[in-house]
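The numbering used here puts the first residue of the sequence shown at 15, with every later residue one more than the last. Just so it is clear, CB atoms sit at the ideal spot from N, CA and C, and this is done for glycine as well. Since this is a predicted model, take the numbers as computed values, not measurements. The structure appears below as structure tokens.
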Amino acid sequence: MEPNIFENILEDLKEQIELLKTIDSWNLEAVKLVWDIILGIIERIEFYSEELETMTSEDKKDMAVKLVNKLVDIPYIPEFLEEKLFDFVIDGLVHVLNGLFGHKWLSNIK
Numbered sequence: 015m016e017p018n019i020f021e022n023i024l025e026d027l028k029e030q031i032e033l034l035k036t037i038d039s040w041n042l043e044a045v046k047l048v049w050d051i052i053l054g055i056i057e058r059i060e061f062y063s064e065e066l067e068t069m070t071s072e073d074k075k076d077m078a079v080k081l082v083n084k085l086v087d088i089p090y091i092p093e094f095l096e097e098k099l100f101d102f103v104i105d106g107l108v109h110v111l112n113g114l115f116g117h118k119w120l121s122n123i124k
């Protein structure tokens, strides 16, 4: 994982990450916060990776999955299943964004 991108994303999402640490039960608010964090991570990886130009779509997805899995712990679900779940969610979300706005969706939605 590119350290600068990782650190930049953590800084950008600092407030949401701090809120995530206070979750003591999973409810609709917790799910919405996790969803917002996932969207934020995807958006920021896309933004920061434009500078590198060496990251493939698969690299970006892998980075997003690892970062989300590192930040979000779903009780009673083993890590390897969480990773598969986040992979599925992120893959689907990026597929939808690409379909609706094209592969340069970040610049198309701003």
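If you follow the alpha helix (DSSP H) that Met69 is in, where does it begin and where does it stop? In this chain, Met69 is not harboured by any alpha helix (DSSP H), its DSSP state being neither H nor E.
I'd like the ranges of any alpha helix (DSSP H) spanning at least 4 consecutive residues and lying wholly in the segment 61-118. 71-85 and 93-115
Whole-angstrom distance between Gly106 and Tyr62, CA atom to CA atom: 21 Å
Quick check on DSSP: helix, strand or coil for Trp40? coil
Can you tell me whether Asp27 is helix, strand or coil according to DSSP? Per the sequence shown, residue 27 should be read as Leu rather than Asp. Coil, per DSSP.
Taking all protein chains shown into account, do 16 or more other C-beta atoms lie within 10 angstroms of the C-beta of Lys84, making it buried, or fewer, making it exposed? Taking all protein chains in view, the Cβ of Lys84 is surrounded by fewer than 16 other Cβ atoms within 10 Å, so the residue is classified as exposed.
Using a Cβ-Cβ cutoff of less than 6 Å, which residues in the same chain neighbour Val48 once the five nearest sequence positions on both sides are dropped? Val86
Going by Cα to Cα distance, which pick from Asp26, Gln30 and Arg58 is closest to Glu43? Gln30
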